[in-house]
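Before any comments, here is the structure.
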Amino acid sequence: MKGSARFFALCLATILVGGSLYGTVSNASPFSLPIGTVVLDAGHGGHDPGATASWQWEDHVYLQEKTITLELVRKIADALRAARPDIDLVLTRDSDTYLALQDRADVAAKLNPGVGKSIVFVSVHANSSPSAEPSGFEILVKQTDKRLRFLDAQVQDWAIARFANQTASELNRLLNRENLLFATAVREQMAKNFPQARDRGVKEQDVWVLNASKVPSVLVEVGFVSNSDDAYLMTQQTWLDQMADTLAAGILAYINLY
Ligand SMILES: [Zn+2]
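Taking the working numbering, I'd label the letters of the sequence shown as residues -2 to 255.
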C-alpha cells in the first residue's frame, strides 16, 4: 500500500472505530450484533437429577430432568448445526456430569464473542410442581431490576473494548431488551408448534444462571414431569424431536433479527 493510501486507510479506520463518522457505531448495542455463538445449557446433571417423577404406564417409568435436558440440548445442537453450520455451538455439558451454576454462566461470560459478533445462552429445563395439575411450557428471563456489572475486576481485554462505550445502566437496559426479544421469539415458535400445550408465557424470574449471564439469555421450561400428560410426552422420541426442532427454530428466529 502506498504512503498516501495507507494514511487514508488509517484515517478511515480511526473514524470508524471512533464512531465520529457514524454516530450510531459507538452507541450500538453490544448484544444486538450478528450471533456467532450459541451456548446450550442442559439443566442439572451428575448427582443433581433436577426434577424427578415416577409414573406407571405400561411399564414403570422413572423420569429425571437431567436426562431430558441433555437429550433435548443434543438434538437442538444437531438442528442448529444443520441449519447454520457457520454458527459455533458450545454445550455447557455433553454428558451426565455435574456443573455448578456459576460455571454454567461463566461458559458464556468468559467466551470471547469475536469482533462484531454476539453470543446467546439457552438453558433447557423441565418443570415440577407438588400438584399434578400444572402443565405446559414457560420461558424465563432474568429480572430486569437485577443489575449486572459488565466491567469488574476479572474483566478481559475484549470485554473492555465491548462494554466501555455505554454506562452500566444503559448496558443493563439493552440486555433486558434483548432477553425479552429472545424469549418472545422462542415463545412464538412453542405456541405455534405445540398449540395443545398450555402457554404459561414469558416470566421474569430470580434464577441464578440467568442473573449471572452477561449475554442475551433465556431459560426454557419445556413441560412438567409432575403432570401425567406432559411427562408421557417427554418419554416419546417424536415429542423430543419436535421440541428440539421448535427450540432451534426459536433460537434461529432471534438470530435472524440481526
Ligand atoms: Zn431445572
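Don't be surprised by glycine CBs; every beta carbon is placed ideally from N, CA and C.
Exercise. Beta-carbon separation of residue 241 and residue 76 under 7 Å?
Worked result: Contact flag set, yes.
Which of the three DSSP states, helix, strand or coil, is assigned to residue 225? In this structure, residue 225 counts as helix in the three-state DSSP scheme.
> What beta strand (DSSP E) runs, 3 residues minimum, are completely inside the segment 136 to 196?
Replying inline: none
task = Output the boundary residues of the beta strand (DSSP E) element that contains residue 247.
result = Note, residue 247: premise wrong, no beta strand (DSSP E); alpha helix (DSSP H) at 234 to 252.
Residues in the same chain with beta-carbon distance under 6 Å from residue 209, minus the five sequence neighbours each way, listed in chain order, please. 102
Quiz item: Closer than 6 Å: is that where the CB of residue 201 sits relative to any heavy atom of ligand 1?
Solution: no
Q.
So the candidates are 86, 119 and 168; which of them puts its Cα closest to the Cα of residue 39?
A. 119
Taking 5 Å as the limit, tell me which residues put their C-beta closer than that to any heavy atom of ligand 1, in chain order.
40, 47 and 122
message = According to DSSP, simplified to helix, strand and coil, what is residue 17?
response = Only weak support is given to the placement of residue 17: the predicted model assigns it a pLDDT of 36, under 50, and the value that follows is read from those uncertain coordinates. Coil, per DSSP.
Exercise. Just how far apart, CA to CA, sit residue 47 and residue 216?
Worked result: 14 Å
Query raised in the report: Helix, strand or coil for residue 208 per DSSP?
Result: helix
By the three-class DSSP mapping on this structure, what secondary structure does residue 84 have?
coil
Please list the terminal residues of the continuous alpha helix (DSSP H) segment that includes residue 98.
98 to 106
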